[in-house]
Ligand SMILES: Cc1cc2nc3c(=O)[nH]c(=O)nc-3n(C[C@H](O)[C@H](O)[C@H](O)COP(=O)(O)OP(=O)(O)OC[C@H]3O[C@@H](n4cnc5c(N)ncnc54)[C@H](O)[C@@H]3O)c2cc1C
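Residue numbers (my numbering): 6 to 387.
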C-alpha cells in the first residue's frame, strides 16, 4: 500500500476498506474473469452499493462527497485484484464517463445518468475513437444531423471499453459539414435505441477481463435533451475529460508496477540457481533497485499532479508527463519482472505475464506516448 503526505487519516481508512474488499471479493475471481474475457456487471453494482463508484462525487448525486484523492486510492487498490481489465472497466465509469456527466451534464442528465451510474445500476462507455480517427480527435467523422427535437447519428466507433455491456454511450459526433474541432457535440445514446449496434467484441492482447467493442450508429435517433454539455463544445469537453482519464492511467500504472516488482522480489528470493537464491546476484539486485527507484519517481510525480487536481487545477503538461513517465515505467518493470522469472515468466500459470500484457495498453489508451510528448513539447517554447 502507498502512503504519502498528500493522504490523511480518512484516506488511509478508505484505502484499507477498499483493499480488504478487493482482496476478499475481486482477487479470487481474477483468473476466472480473464478466462471468461469479462468481469460481471454485478461488480459495478457491488462497488456502487459500497459507495466506491461515487467516492469523489457529491452526496447530492449519491456520491460520498470525498475529494479527488479518494478516486486515486480506488484506482490504486483495484490493481490488487491483479486483472488490469477490472481497473480499466471501472475507471471508464468513474474517471471518463462520470466526470463528464458531473461537470457538463444538465440537472436532468445528472438525475437520469449520473445518479444510477454512481450506484452501478447503469454502465456507461465513452465513444471518441473511430477506425480513421484516433490521436487526431478533431478528425472524427460520426455525424449528428438535427431533425426537429432530435438528432440522427451516423458513424462507427472502435476500441470502446465497456462498449458491449454499456447501458448508455457518450458519443462524440459532429454537425454535418463541420470541420476540425468546431461543430463537435456529445450525445448520450441509450442501449436499445434503434440503430445503436454493437458490431463486434474485440480480441485483445491484454486487459482481457474488460470488454472492448466496435460500435455502429446507423440512423440512430437521439432526443436533443440527451446532448451532454454545450452544443458545438464537445471537443473542449473531451479535452477536459482526458485529463482525469490520463491521471487515472498514470496512477493505476504505478500501483501495478509496484505489485509486479513485489512479485519479482518474492520470486528472486525463492528461486535458486548456482547454489544460491538469484536475489544474491548483483546483476539482479541492482536492476531491482533501479526499478524501485523508477517506481518511486513515477509515484512522486503522479501524486504531485494528483495533489494539483485535488486543489482544482488541471496542469495539462504535468498530467501528460505523469502519464508518459508512469506508464513507461510500469511496462518496463513488468518486462523486467517477467525476465527475472525466466521461462516460468513466459508461462500463463504465473501472474507476471498478465502485468506485462496489461501494462502495455496504458502507453496507447487515453493518448499515446507520442501525443503526450507532443503536448509537453508544445509548452517548451521550441
Ligand atoms: C484496449 C483499448 C481500449 C480503449 N478504450 C477506448 C475507449 O473507451 N474510448 C475511446 O474513445 N477510445 C478508446 N481506445 C482508443 C485509444 O484511445 C486510441 O487507440 C489511441 O488514442 C490511439 O489512437 P489510434 O489507435 O487510432 O492510433 P493512431 O492515432 O493511428 O496512432 C498510430 C501511431 O502514430 C502515432 N502518432 C499519431 N499522431 C502522431 C503525431 N502527431 N506525432 C507523432 N506520432 C503520432 C501514435 O502515437 C501511434 O504510435 C482504446 C484503445 C484500446 C487499445
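We put the CB at the ideal spot given by N, CA and C, even for glycine. From a predicted model like this one, the values you see are computed outputs, not experimental measurements.
- Message: In this structure, how does DSSP classify residue 220 when only helix, strand and coil are distinguished?
- Response: As a first step, residue 220 must be located in the chain shown, where it is residue number 215. Three-state result, residue 220: strand.
- Query: For residue 88, is the classification buried or exposed, using 16 other Cβ atoms within 10 angstroms of its Cβ as the cut-off for buried?
  - Reply: On the chain shown, residue 88 is found 83 positions in, with the first residue counted as 1. Buried: at least 16 other Cβ atoms inside 10 Å.
- Query: Per DSSP, what kind of secondary structure is residue 292 in: helix, strand or coil?
  - Reply: Stepping through the chain shown from its first residue, residue 292 is reached at position 287. DSSP places residue 292 in helix when its eight states are reduced to three.
- Consider the C-beta atom of residue 325 and the heavy atoms of ligand 1; say whether any pair is separated by less than 7 Å. As a first step, residue 325 must be located in the chain shown, where it is residue number 320. No, ligand 1 has no heavy atom inside 7 Å of this Cβ.
- Query: Which value, in whole angstroms, describes the spacing of the CA atoms of residue 35 and residue 155?
  - Reply: If you number the chain shown from 1, residue 35 lands on position 30. If you number the chain shown from 1, residue 155 lands on position 150. Looking at the two C-alpha atoms, the distance is approximately 43 Å.
- Message: As a quick exercise: from 181, 170, 143, 299, pick the residue whose alpha carbon is nearest that of residue 159.
- Response: Reading the chain shown from its first residue, position 154 is the one you call residue 159. It is 181 whose Cα lies nearest to the Cα of residue 159.
- Message: Closest to residue 191 by C-alpha separation, out of 198, 228, 213, would be which residue?
- Response: The sequence position of residue 191 within the chain shown is 186, counting from 1. Checked all of 198, 228, 213; the closest Cα to residue 191 is 228.
- Query: Around the Cβ of residue 380, are there at least 16 other Cβ atoms within 10 angstroms (buried) or fewer (exposed)?
  - Reply: Position 375 of the chain shown, counted from the first residue, corresponds to residue 380. Burial is judged here by how many other beta carbons sit within 10 angstroms of a residue's own beta carbon; residue 380 has at least 16 and is buried.
- Nearest-angstrom Cα separation, counted from residue 355 out to residue 347: Position 342 of the chain shown, counting from 1, holds the residue named residue 347. Position 350 of the chain shown, counting from 1, holds the residue named residue 355. If you take the alpha carbons of residue 347 and residue 355, they lie about 11 Å apart.
- Query: Could you give the uninterrupted runs of the beta strand (DSSP E) lying entirely in the region 100–177, keeping only those of 3 residues or more?
  - Reply: Taking only runs of at least 3 residues, the beta strand (DSSP E) segments lying wholly in the region 100–177 are 129–132, 148–152, 155–166.
- Message: Output needed for residue 6: all residues of its chain with C-beta closer than 7 Å, excluding positions within five of it in sequence on either side, in chain order.
- Response: Sequence index remark: in the chain shown, residue 6 carries index 1 (1-based). Only weak support is given to the placement of residue 6: the predicted model assigns it a pLDDT of 46, under 50, and the question is left unresolved by the model.
- Message: Out of 91, 72, 105, which one is the CA nearest neighbour of residue 39?
- Response: Within the chain shown, the letter at position 34 stands for residue 39. Looking at the Cα atoms, 91 is the closest of the given residues.
- Task: Within its chain, find whatever has a CB closer than 7 Å to the CB of residue 46; leave out the 5 residues flanking it on each side and keep chain order.
- Result: Here residue 46 is taken as the residue at index 41 of the chain shown, counted from 1. Answer for residue 46: 128, 170, listed in chain order.
- Query: Three or more C-beta pairs closer than 8 Å, one from the region 356–375 and one from the region 290–306: is that the case here?
  - Reply: A contact between stretches requires three or more CB pairs, one per stretch, nearer than 8 Å, and the region 356–375 fails this requirement with the region 290–306.
- Message: Quick check: does the Cβ of residue 222 come within less than 7 Å of any heavy atom belonging to ligand 3?
- Response: What this structure holds is ligand 1, not ligand 3.
- Query: Measuring CB to CB, does residue 53 end up less than 8 Å from residue 125?
  - Reply: Position 48 of the chain shown holds residue 53. Position 120 of the chain shown holds residue 125. Yes; because the gap between Cβ atoms is below 8 Å, this pair is in contact.
- Query: Within this structure, are the beta carbons of residue 68 and residue 31 separated by less than 8 Å?
  - Reply: Looking up residue 68 in the chain shown gives position 63. Looking up residue 31 in the chain shown gives position 26. No. Outside cutoff.
- Message: So if DSSP puts residue 278 in a beta bridge, which residue, or which two residues, is it bridged to?
- Response: Position 273 of the chain shown holds residue 278. Residue 278 is bridged to 281.
- Item | Environment of residue 213 [buried if 16+ CB atoms lie within 10 Å] | Residue numbering aside, residue 213 sits at position 208 when the chain shown is read from its first letter. Classification for residue 213: buried.
- With DSSP run on the structure shown, which of helix, strand or coil describes residue 214? Against the chain shown, residue 214 aligns to sequence position 209. Of the three classes helix, strand and coil, the one that applies to residue 214 here is coil, per DSSP.
- Task: List the endpoints of the continuous beta strand (DSSP E) containing residue 191.
- Result: In the chain shown, counting from the first residue as 1, residue 191 sits at position 186. Secondary structure note for residue 191: its beta strand (DSSP E) is the uninterrupted segment 189–195.
- Message: Beta-carbon within less than 6 Å of residue 370's beta-carbon, same chain only, minus the 5 sequence neighbours each way: which residues are those?
- Response: Indexing the chain shown from 1 puts residue 370 at position 365. Scanning its chain for C-beta atoms nearer than 6 Å, with the 5 sequence neighbours on each side dropped, one finds no residue around residue 370.
- Item | Burial state of residue 28 (16 or more Cβ within 10 Å) | What you label residue 28 is simply residue 23 of the chain shown in a count that begins at 1. Exposed, since its Cβ has fewer than 16 Cβ neighbours within 10 Å.
- Message: Give the list of continuous alpha helix (DSSP H) stretches no shorter than 4 residues that lie fully inside the region 300–349.
- Response: Whole alpha helix (DSSP H) segments, 4+ residues: 321–345.
- Message: Using a Cβ-based criterion (distance less than 7 Å to any ligand heavy atom), does residue 254 qualify as near ligand 1?
- Response: The count along the chain shown starts at 1 and reaches residue 254 at position 249. Result no, Cβ not under 7 Å from ligand 1.
- Can you tell me the Cβ-Cβ gap for residue 220 and residue 269, rounded? I've got them flagged as a contact below 8 Å. For the purposes of this step, residue 220 is taken as the residue at position 215 of the chain shown. For the purposes of this step, residue 269 is taken as the residue at position 264 of the chain shown. Actually they do not touch by this definition, with Cβ atoms about 39 Å apart.
- Message: Let me check one thing: in DSSP terms, what residues is residue 233 bridge-paired to?
- Response: Translated into positions along the chain shown, residue 233 becomes position 228. Note: residue 233 is bridge-paired with 191 in the DSSP secondary-structure output.
- Would you call the CB atoms of residue 217 and residue 164 closer than 8 Å? The residue given as residue 217 occupies position 212 in the chain shown. The residue given as residue 164 occupies position 159 in the chain shown. Their beta carbons are under 8 Å apart, which means residue 217 touches residue 164 by this criterion.
- Query: How do the region 106–124 and the region 143–150 stand: do at least 3 beta-carbon pairs fall below 8 Å, yes or no?
  - Reply: Per the Cβ contact rule, the region 106–124 is not in contact with the region 143–150 (fewer than 3 Cβ pairs under 8 Å).
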